[in-house]
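Okay, so here's the structure we're looking at.
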Amino acid sequence: EKLYHRRDRSDVQHFDSHQAQIITDEHAAELFLSRYGFIKNSGPDGDGDDPEGASQAFISALEEFQRVSGLPVTGQFDEATKEAMNKPRCGVPDKEMDWNAATEPESGPSGGSTSAR
Amino acid sequence: RRKRHLAGLMSKTRPRRGLSEHGYMAFSKKLLKWRLIGEGYSSQLAVEEQRYIFRLAFRMWSEVSPLEFVEDTRSPLEDVEIRLGFGTGKHLGCNQRFDGTGQEFAHAWFLGDIHFDDDEHFTAPNAGSGISLLKVAVHEIGHVLGLPHIYREGSIMQPSYLPQESGFEVGWMDRKAIQRLYGGCKGRFSTVFDWIRKERTPYGEVVIRFNTYFMRDSWYWLYENRNNRTRYGDPVTLQAGWHGLPREGVDAHVHVWSRTKDIVYFFKGTQFWRYDSEKDRVFGQDPEGHRYPRPISEGFPGVIGPVDTAFYDRRDSHIYFFKNSLVFAFNAEANRLARGFPKNIRDLFPAVERGDHPNGNIDAAYFSYTHSTVFLLKGTRFWRVVNSRQRRRRLSLPRNGLLPHKEVEEQWFDICNVHPTALKL
């Protein structure tokens, strides 16, 4: 029996609702940073031919996220950063995204019609 | 290479709809329609509650910008500028899936679509738990209007949700941000005045308080001088706050306040009312036995209504009535028109800077206790009357001289209309 204790039903957990994937590791963090515009032009898996550059991009994106979120700028995926990334938030990107890049994958079928209006 | 070249051209030629620091003016229209999409109702709140919260959210942006919003449930959808809806996971044909409970709770697209993740626990304002739908709605509407995320404490446009503070309002920073895109609020006023009241403190002392009021036809705003903004939730209708005054508004307010008199009058057309500041309503019959409204010519012989505006000058205990280009000075103690009046407004209130003068037909003559001076308002401008302190410093200033005009919106901020359908929220 679904129990209702509060008039506004706020105490009832939606058992059947899906849960957003908690961000626990650097890979998920990189997805987050890419999605909200902190990492530009390359997806988390990138094209793999410049691991050094990708990790530097990840660190600087992490630092930028920490800065705008008012966190200590450590460049590390620390607990405070993890907690901030898992807060409820708006889905609009934080940083100006290069629409063309965002809509036109570097690799993929030629033609890239997604950017044509 | 050709494709890349074209893409480069496009990014240069069309305005970048990305999120530059100040955002962009998303709409050139001042009246915007919105609708909660039928198939996008939330499963958590009653539909009426959802619509009420969105109406309030739109009103809150209207209170601080020249934009007005009206809910439109009839027009073809393509005529509705802002469309809101709830969904979970893959929703409303949107290509950005929601992630379930936690993290992303809503997003907005610059073409006017706002989606809310119905897996989140959205609650009504001040519920004290869950995620306030009002706060999220105000945030997402900010995006649709062109505002980016603002990483400042107190801004509603911060990307992460802050638990509900009681009494959430659009803060100063966000007001400036939206006005940077759409400009400030302009408009003519019927009258402006400081309303003085005597109150008794818990210790039985009588203290005198005042508040500043701006009236525009049948609406009014209380202006908080200390906070440089109007009271939260204003404008309200005249009927709601000034009982017994004509529904369509007044021409003038006069407070005769001297050693022997403390009387508040309102004027409209050819009639006037006396206001009972204690009971906060107009007198039906005042202690002297006069029944209201009364003809102006009866109470103020020599003055013919309607008047443009009026104010009481405590320095000489005269009421100055303004009508077209004439000024009638009325001796409130002797109860008669002062000798030599009416006079031309240009003679009585000369321009300090040649040519910078309202030339009559003013909207309001307002003595401000905050500024200890009189202002003459007309249209979107005001002229400050030279006061005695200024004349002591600059002897060349004429008595009652009008200093060069300024814009009302540069001195009194955020006196913004809302759409009539949002007035009663």
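Chains as they are written, first to last, in the working numbering: chain R, 1 to 117; chain A, 1 to 425. Even glycine gets a Cβ: it sits at the ideal position worked out from N, Cα and C.
message: Can you pull out the residues from the segment 50-77 of chain R whose beta carbon lies closer than 9 Å to at least one beta carbon of chain A?
response: Per Cβ criterion, the list reads Arg-67, Val-68, Ser-69 and Gly-70.
message: I need the straight-line Cα distance from Val-47 of chain A to Arg-346 of chain A, nearest angstrom please.
response: Taking the Cα positions, Val-47 of chain A is about 59 Å away from Arg-346 of chain A.
query: At least one CB of chain A closer than 9 Å to the CB of Ala-20 of chain R: is that the case?
result: Among the CB atoms of chain A, one or more fall inside 9 Å of the CB of Ala-20 of chain R.
query: Do the segment 93-107 of chain A and the segment 64-78 of chain A meet, that is, are 3 or more Cβ pairs less than 8 Å apart?
result: Not touching, per the Cβ criterion.
task: Could you run through the segment 82-95 of chain R and flag, in chain order, every residue whose CB is less than 9 Å away from some CB of chain A?
output: Within the segment 82-95 of chain R, the residues whose Cβ lies closer than 9 Å to any Cβ of chain A are, in chain order, Ala-84, Met-85, Asn-86, Lys-87, Pro-88, Arg-89, Cys-90, Gly-91, Val-92, Pro-93, Asp-94 and Lys-95.
- prompt: Looking at Arg-294 of chain A and Trp-273 of chain A, is the spacing between their C-beta atoms short of 9 Å?
  reply: It is a contact, given that the beta carbons lie within the stated cut-off.
field: Cβ distance (whole Å) where Ala-329 of chain A is taken to contact Phe-267 of chain A below 8 Å
entry: In fact, because the Cβ distance is near 16 Å, the residues do not count as touching under 8 Å.
query: In chain R, which residues lie less than 9 Å from Phe-105 of chain A when you measure between Cβ atoms?
result: Correct list: Pro-88, Arg-89, Cys-90 and Gly-91.
field: Reference Val-418 of chain A, options A:Leu-111, A:Arg-55 and A:Ala-338, closest by Cα
entry: When each option's Cα is compared against that of Val-418 of chain A, the closest is A:Arg-55.
Amino acids of chain R, ordered along the chain, whose beta-carbon sits closer than 7 Å to that of Gln-96 of chain A: What Gln-96 of chain A touches in chain R: Gly-91.
field: Minimum Cβ-Cβ distance from Ile-23 of chain R to chain A less than 9 Å
entry: Interface residue, yes.
Per-residue contacts from Glu-78 of chain A into chain R (C-beta, under 7 Å): Simply none; closest approach about 17 Å.
message: Using the Cβ count rule (16 or more neighbours within 10 Å means buried), how would you classify Arg-392 of chain A?
response: Here Arg-392 of chain A is exposed: its Cβ has fewer than 16 other Cβ atoms, across all protein chains shown, within 10 Å.
field: Own chain residues within Cβ distance below 8 Å of Pro-44 of chain R, not counting five before or after
entry: Per-residue confidence for Pro-44 of chain R stands at a pLDDT of 46, beneath the threshold of 50, marking its modelled position as unreliable; the derived number appears in the next sentence. If the five residues before and after Pro-44 of chain R are omitted, its C-beta is found closer than 8 Å to the C-beta atoms of His-27, Glu-30, Leu-31 and Ser-34, all from its own chain and listed in chain order.
- prompt: In terms of DSSP beta bridges, what is Val-256 of chain A paired with?
  reply: Val-256 of chain A has A:Ile-263 as its beta-bridge partners, per DSSP.
field: Distance between beta carbons of Arg-83 of chain A and Ile-37 of chain A, contact taken as under 8 Å
entry: Contact between Ile-37 of chain A and Arg-83 of chain A holds: CB atoms are separated by about 6 Å, below the 8 Å threshold.
message: Give me, in chain order, the residues of the same chain whose beta-carbon lies closer than 7 Å to that of Ala-84 of chain R; leave out the 5 immediate sequence neighbours on both sides.
response: Excluding positions up to five away in sequence, the list reads Ser-69 and Leu-71.
query: Start and end of the beta strand (DSSP E) containing Leu-85 of chain A?
result: Reading off the sequence, residue 85 of chain A comes out as Gly, not Leu. Counting along the chain, the unbroken beta strand (DSSP E) around Gly-85 of chain A starts and ends at 82-87.
Beta carbon proximity, Val-236 of chain A to chain R, threshold 9 Å: Chain R contact via Cβ: absent.
message: Does the CB of His-22 of chain A have a neighbour CB from chain R at under 9 Å?
response: No, no contact with chain R.
One or two residues paired with Val-207 of chain A in a DSSP bridge: Answer is A:Glu-199, bridged to Val-207 of chain A.
query: Which class does Asn-86 of chain R belong to by DSSP, given the choice of helix, strand or coil?
result: Note: Asn-86 of chain R maps to coil in three-state DSSP.
message: Quick check: the Cα distance between Leu-67 of chain A and Ala-57 of chain A, rounded to an integer number of angstroms?
response: Rounded to the nearest angstrom, the gap between the Cα atoms of Leu-67 of chain A and Ala-57 of chain A is 13 Å.
- prompt: Is it the case that the Cβ atoms of Ala-334 of chain A and Arg-59 of chain A are separated by a distance below 9 Å?
  reply: No, the pair does not count as a contact, with Cβ atoms beyond the cut-off.
query: What does a CB cutoff of less than 6 Å around Ile-150 of chain A pick up in its chain, not counting 5 residues either side in sequence?
result: Once the five neighbours on either side are set aside, the close Cβ partners of Ile-150 of chain A are Met-157.
query: Would you say Ser-277 of chain A faces chain R, with C-beta separation under 9 Å as the test?
result: Between Ser-277 of chain A and chain R, the shortest Cβ-Cβ separation is not below 9 Å.
message: Beta carbons nearer than 9 Å to chain R: which residues of the segment 134-145 of chain A have them?
response: Within the segment 134-145 of chain A, contact with chain R at the beta-carbon level (separation under 9 Å) is assigned to Val-136, His-139, Glu-140 and His-143.
Chain D contact residues for Ala-177 of chain A, given Cβ-Cβ distances below 8 Å: This model lacks chain D altogether, as its protein chains are R and A.
message: Quick check on His-405 of chain A - is its C-beta less than 9 Å from some C-beta in chain R?
response: Chain R, which has no Cβ nearer than 9 Å to the Cβ of His-405 of chain A, makes this no.
Where Gly-102 of chain A meets chain R, residues with beta-carbon distance less than 9 Å: Per Cβ cutoff of 9 Å: Gln-19, Ala-20, Gln-21, Ile-22, Asn-86, Lys-87 and Pro-88.
- prompt: Quick one: any contact between the segment 380-390 of chain A and the segment 24-44 of chain A, if contact means 3 or more CB pairs under 8 Å?
  reply: Segments in contact, no.
Environment of Val-207 of chain A [buried if 16+ CB atoms lie within 10 Å]: It is exposed - the Cβ of Val-207 of chain A has fewer than 16 other Cβ atoms within 10 Å.
- prompt: Within 9 Å (strictly less), CB to CB, does Ser-160 of chain A reach chain R?
  reply: Judged by the 9 Å Cβ criterion, Ser-160 of chain A is in contact with chain R.
- prompt: Going along chain R, which residues have a C-beta under 9 Å from His-99 of chain A?
  reply: For the record, residue 99 of chain A in the displayed sequence is Asp; it is not His. Per Cβ cutoff of 9 Å: His-18, Gln-19, Ala-20, Gln-21 and Gly-91.
task: List the endpoints of the continuous alpha helix (DSSP H) containing Trp-61 of chain A.
output: That run of the alpha helix (DSSP H) goes 47-62.
field: Option in A:Phe-122, A:Met-173, A:Ile-263 and A:Arg-315 with minimal Cα separation from Glu-288 of chain A
entry: Looking at the Cα atoms, A:Ile-263 is the closest of the given residues.
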